[in-house]
Structure formats: structure tokens, C-alpha cells
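Throughout the sequence shown, residue numbering follows our numbering, covering 7 to 341 in sequence.
Ideal placement from N, C-alpha and C gives every residue a C-beta, glycine not left out.
For reference, the structure is listed below as C-alpha cells.
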Amino acid sequence: MSSPPALIDPFGRHVSYLRVSVTDRCDFRCTYCMAEDMTFLPKRDLLTLEELDRVCSAFIDQGVKKIRLTGGEPLVRKGIMTLVESLSRHLKSGALDELTFTTNGSQLARFAPELAAHGVRRINVSVDTLDPAKFRQITRWGELAKVQEGLKAAKAAGIAIKINAVALKGVNEHEIPEMIRWAHGEGMDLTIIETMPMGDIDGDRTDQYLPLSVLRAQLLEQFTLEDIPYKTGGPARYVHVKETGGRLGFITPLTHNFCESCNRVRLTCTGTLYMCLGQDDAADLRAPLRASEGNELLNRAILEAIGRKPKGHDFIIDRRHNKPAVSRHMSVTGG
Ligand code: SAM
Ligand code: SF4
């Protein structure tokens, strides 16, 4: 069998990773991500599960090896397991190396066994605090105990877990050492994410912004952090924490540019392809997808879009105007 053609962008980067936001809806309302009162897309604008499968499969045919389903909350999309089951055929054939999720964990207790059965080996679960009251305050609607149950179920199903925590000044800032000990004690990696200025939220983002360079300096008072070359295909830089024996990642989009090794593109639930998280340029794949039953138009649109992938992003928290640099919410492109 000949290997599939590769998607190579104008800067020679091989696009091998597709992140798909399967819904813009969520059962949480994290303060840094959404306003409490959100207007979601009308259902008719969404790609159907079959259409999502078609687009994902077209990317796989063009050499994409890793797919991450995200959202909004991917596990609240109705019928999501149908999509997972159908995409799992590409894992079985060897065309796809990895099918994974980023989830808030609220539905994991229910879905973990099925996810494992369909070949999902690793997932990212977002947990910003281990304090139930603070968890409720950050997520507005979430319940930590339910997420803990989900983590247990995923572990029991043999799924490896990475915890994602967004660093929030004055909120979970002083809890990070405890979270490191907890995650590593449970055999989970932990990645700390710097807040990104995406989408209008109710509060003031400059209040939440905690540079990871500051956090790292604080952590060095308690831990020995050794840089390691570990890579998961994502933008995180990893260290080994000597005291816990675990891995800790840092994602610092604002203070460090990771664009040079970017291998990913992002598809929204309406079929819009963003070639860069930090830029507004996008390509509509829904029209070519719906224009014919064959994939010729779709494949051409994908190639054209990759040909426009920009060199890098220009995130900046605009302190004078306090406006997000990118107007869409993270829940649209899935982070
Ligand atoms: N609902 C799922 C979850 O929370 O994991 C998946 C979607 S969520 C948008 C993906 C990741 O983006 C989460 O880890 C979340 O904490 C992070 N996130 C959301 N808004 C963010 C922002 N403005 N800055 C940094 N990270 C953000
Ligand atoms: Fe929902 Fe995830 Fe956004 Fe929180 S971060 S509101 S869980 S999409």
C-alpha cells in the first residue's frame, strides 16, 4: 500500500493532527471560557455525525495521524459514541495512530468503558482545582465529585489521563503544588495552561492572567524541575518533577511562541477550518462537503486551506482596551 499524500504547509510543516470541536455547547460555564448566558449555534448549522466522520476521514486519507475530539464539551454531543465507533475503523486499519479527547470529565463515568472499547487510549481532562467549592465557582455549574468519579472510571478502563489546569491568578495559583502531588500520585501527567484572550467573557481577563514564568519560579521553591524533551505532538514544554517522579507540562502561548513546530489545524462543529488558533483566517469545508457526495471538492478545499496556514499567531492581552485578541471563544475551536 502506498502511503497517503502528506499535507505540507508553505513553511514546510507537516499537518498531521486535526482537532475537531464536535459541539459548541457545554454543561459547564468556566469563567475564563464562557459567559454564563451564552447563545449557542442553532442545531441546523452543525455538521451531522456522518458529516463529521466524512471530514475526519478525508483528513486521514490525506495523512492526518491524530484526531482529538473536543468542544464545548464533546461528551454532551448527542450520539457522540456513534462517531467514535465509526472513526475507530481507522485505528483498526492503522491509518490513524490516535483518537483522543479533551473533556471536562462530567460524563466520563458513563462513557469511559465505551471509549476504551473503541480504541481511545489517552484523554485530557480539565481540572483547575481540587476544592469542590472553588471548582463550582470556576465552572459555575460543575461538580467536582462527578469529575472525580469519571477519572476513576477512565483509569479502571485503562485510559491514560493527562490533567489540564488553567492557571488563574489569585484563584488556583497557590494550589498548583498540591495538584502536582495529586496528579502525579495518581499516575497522571499535569499540564498548566496560561489563560488565552479568546472570546468575550463576563469578567476582566487581565485580572486572571498569571504568567507561567512567575508560577514556575514559585514552583522552584518547592520542586526540582528538570527540562525533558518529552513531546506529545502538542505545544506543551515538559519538565520532570524530581520529588514526585511525574511529568509537568507548561503551555504558554502568550509568553512563548510555539508556532514553529505547529502540526495542527482545527475544525469547528459547523465545518469551518482554522489553520491557526490565534488567527481569524478560516476555510469553509461545509459547502464543499455538502456540494457533492464525492470528496473531490472537499479534498481540494482542505489542500487550499493548508496552503494558507500562517506562520504564527499574535495573541496579546490588550490591556488598554481589554478586548480579546481573537473574538471567537475557545469553545468554538476547542483549544
Ligand atoms: N470542555 C472540554 C474541557 O474543558 O476540557 C474541552 C473544551 S475546552 C475549550 C479545552 C481546554 O481549553 C480546557 O482545558 C480549558 O481549560 C481550556 N480553555 C478554555 N478557555 C481558555 C482560555 N481562555 N485560556 C486558556 N485555556 C482555555
Ligand atoms: Fe465547557 Fe471546557 Fe469551556 Fe469549561 S473550558 S466552559 S468545560 S468548554
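Within the same chain, V90, L105, T106, F107 and I165 come within 8 Å of V126 by CB-CB distance, once the 5 residues on both sides are set aside. When the beta-carbon positions are compared, I186 and L174 stay at least 9 Å from each other.
Closest option to D33, judged by alpha-carbon separation, among L24, R25, Y23 and M44: M44. Shortest gap from the CB of G78 to any heavy atom of the ligand SAM: under 8 Å. Under the three-state reduction of DSSP, H124 is assigned to coil, being neither helix nor strand.
Assignment of beta-bridge partners to S132 by DSSP yields N170. In this structure, M281 has its beta carbon at no less than 8 Å from each heavy atom of the ligand SAM. By the C-beta density criterion, I234 is exposed, having fewer than 16 other C-beta atoms within 10 angstroms. Counting C-beta atoms within 10 angstroms of its own C-beta, T274 has 16 or more neighbours from the protein chains shown and is therefore classed as buried. When the alpha-carbon of M202 is set against those of E310, R296 and I257, the nearest one is in I257.
The beta carbon of V245 sits closer than 7 Å to the beta carbons of L231, E232, D233, I234 and L254 from its chain, once the five residues preceding and following it are set aside; these are given in chain order.
Ranked by Cα distance from E227, the first of C268, G209, V247 and Y215 is V247.
Residue state for K98 is assigned as helix, using DSSP reduced to three classes. Where R142 is concerned, the enclosing alpha helix (DSSP H) starts and stops at P138 to T145. When rounded, the separation of the alpha-carbon atoms in V133 and F229 is 21 Å. Taking 8 Å as the cut-off, one finds no heavy atom of the ligand SF4 near enough to the beta carbon of G156. In this structure, the alpha-carbon of A293 lies about 17 Å from that of R272.
Distance from the CA atom of T250 to the CA atom of A163, rounded to whole angstroms, is 24 Å. By the C-beta density criterion, T54 is exposed, having fewer than 16 other C-beta atoms within 10 angstroms. A288 has Y280 as its beta-bridge partners, per DSSP.
About 15 Å separates the beta carbons of L221 and I169, which is beyond the 8 Å limit, so they are not a contact pair. Residue environment analysis places K84 among the exposed positions, since fewer than 16 neighbouring C-beta atoms fall within 10 angstroms of its C-beta. When Cβ pairs closer than 8 Å are counted between the two stretches, the region 71 to 86 is seen not to touch the region 308 to 317, the count staying below three. Using a 10 angstroms sphere on the CB of Y236, the tally of other CB atoms stays under 16, which defines it as exposed. In this structure, the CA atom of R31 is about 15 Å from the CA atom of T37. A distance below 6 Å between beta-carbons, with the five flanking residues on each side excluded, links E155 to the following residues of its chain, in chain order: A115.
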